[in-house]
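Note sheet for the following structure.
Okay, here's the thing in structure tokens:
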């Protein structure tokens, strides 16, 4: 099954679905992808689309970008790919140092000037890393041939290291910064990051939120970011809903067999547990089969005990593949539709040798 939609005459392909990515981060990432990526690497996006509903975000890229990247990828040898991965490794080190240099500024009695300095540094550091860190994922999604072991090993390592860094920073100093702004502006914590970088900075400069509270609530509940030919526009409320409703989903509820890529061999039967966020995962019972868009670093403490893993997304270097190999758990990745077809309690047979999940 292919999930596509046409917005502004583009056909869009899903990259991932995640919970907990606020507008502040999504806006920063989209701008990094379409504005900065080509400045840093031999290839860059022209288009991006993000839809968010109740803090669950789905990211898409255009079919023409996919075709362009495949053309680029087919012209590259291992050395070229490793050179690009090396740039990400070096940028991660630099970004860590930049964030560490200003983390001490984020404290309860911080002045607005100190908070602005942190925000500026954080924004620049995150933008520089976001601009290039998705490159290994693109390789993973688009490669039509076997990736060399050298490239695969480096891809897996940098994806994992970036994931660990982002998780630590997002739940650490970035979360503290948001809490401080929540108190300063007497605004619920969850709405603070419904502002983009410039709006947050302007609010600190004026010592007052520059975006109407009703608008922030609309953004939190639903938004869409559309970037075509590097031009970015934010939609909220009804407009964002209309964009999301243009997504084409092939009917899948009646499917009994789902196919993906096998990661760690094995065959097992069990009941399905569908999870879309780490908050949901914490509440779920183990000894079932975990079905999720994709696992992330923050899932790791709660994955042990599941009998198998099935994902919508992913390639050989994805997080679920890494975890499955480490835990020696049968795993099928890249099914595209598992979370749409399977429901909590469904009994399935996971054949992780052939990459097939079958309702029984």
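Numbering (our numbering), first residue to last: 1 to 360. A virtual CB, placed ideally from N, CA and C, is assigned to each residue, including glycine. These numbers come from a predicted model, not from an experiment.
Membership of residue 288 in any beta strand (DSSP E) is not indicated, and neither H nor E is assigned to it by DSSP. Taking the C-beta atoms as reference points, residue 48 is found nearer than 7 Å to residue 33.
110 is the residue among 80, 110, 20 whose C-alpha sits nearest the C-alpha of residue 204. Residue environment for residue 209: buried (at least 16 other C-beta atoms within 10 angstroms of its C-beta). With a 10 Å radius around the Cβ and a threshold of 16 neighbouring Cβ atoms, residue 67 comes out exposed. Going by DSSP, residue 26 is part of the alpha helix (DSSP H) stretching over 23-31.
Secondary structure of residue 19 (DSSP, three-state): strand. The Cβ atoms of residue 78 and residue 182 do not sit closer than 7 Å to each other.
Close CB contacts of residue 173 within its chain, under the 6 Å cut and outside five residues either way in sequence, are with 103, 106 (chain order). Scanning the region 238-285 from its first residue to its last, the whole alpha helix (DSSP H) runs of 4-plus residues come out as 278-283.
Secondary structure note for residue 222: it is in no alpha helix (DSSP H), and the uninterrupted beta strand (DSSP E) holding it is 222-228.
Residue pairing for residue 43: DSSP places it in no beta bridge.
Residue 299 is positioned such that its CB atom lies no closer than 7 Å to that of residue 274.
For residue 157, the enclosing alpha helix (DSSP H) starts and ends at 149-171.
Remark: C-beta atoms of residue 323 and residue 357 do not approach each other more closely than 7 Å. C-alpha of residue 53 to C-alpha of residue 90: approximately 35 Å in a straight line. When the alpha-carbon of residue 18 is set against those of 329, 301, 297, the nearest one is in 297.
The shortest C-alpha to C-alpha distance from residue 224 to any of 43, 321, 59, 193 is the one to 59. Straight-line spacing of the CA atoms in residue 282 and residue 86 works out to 35 Å.
Distance from residue 307 to residue 258 at the Cβ level is roughly 17 Å; contact not present, criterion being Cβ atoms closer than 8 Å. When the five nearest sequence neighbours on each side are left out, the beta carbons in the same chain lying within less than 6 Å of the beta carbon of residue 351 are those of 267, in order along the chain. Its chain contains 78, 82 as the residues whose beta carbon lies nearer than 8 Å to that of residue 150, once the 5 sequence neighbours on both sides are disregarded; these appear in chain order.
The C-beta distance from residue 207 to residue 112 rounds to 6 Å, short enough to meet the 8 Å contact threshold. Setting aside the 5 residues that flank it on each side, residue 345 is surrounded in the same chain by 271, 272, each with a C-beta closer than 8 Å to its C-beta; the list follows chain order.
For residue 102, the uninterrupted alpha helix (DSSP H) run begins and ends at 78-102, by DSSP. With 16 or more other CB atoms across the displayed protein chains lying within 10 angstroms of its CB, residue 222 is buried. Around residue 165, the same chain offers 92, 96 as residues with beta carbons nearer than 7 Å, after the five sequence neighbours per side are excluded. Taking 8 Å as the upper bound for CB-CB distance, residue 88 and residue 158 are in contact here, some 5 Å apart. The Cβ atoms of residue 309 and residue 321 lie no closer than 7 Å to each other. Rounded to whole angstroms, residue 30 and residue 61 show a C-alpha spacing of 10 Å.
In terms of CA proximity to residue 27, 127 leads the group 134, 154, 265, 127.
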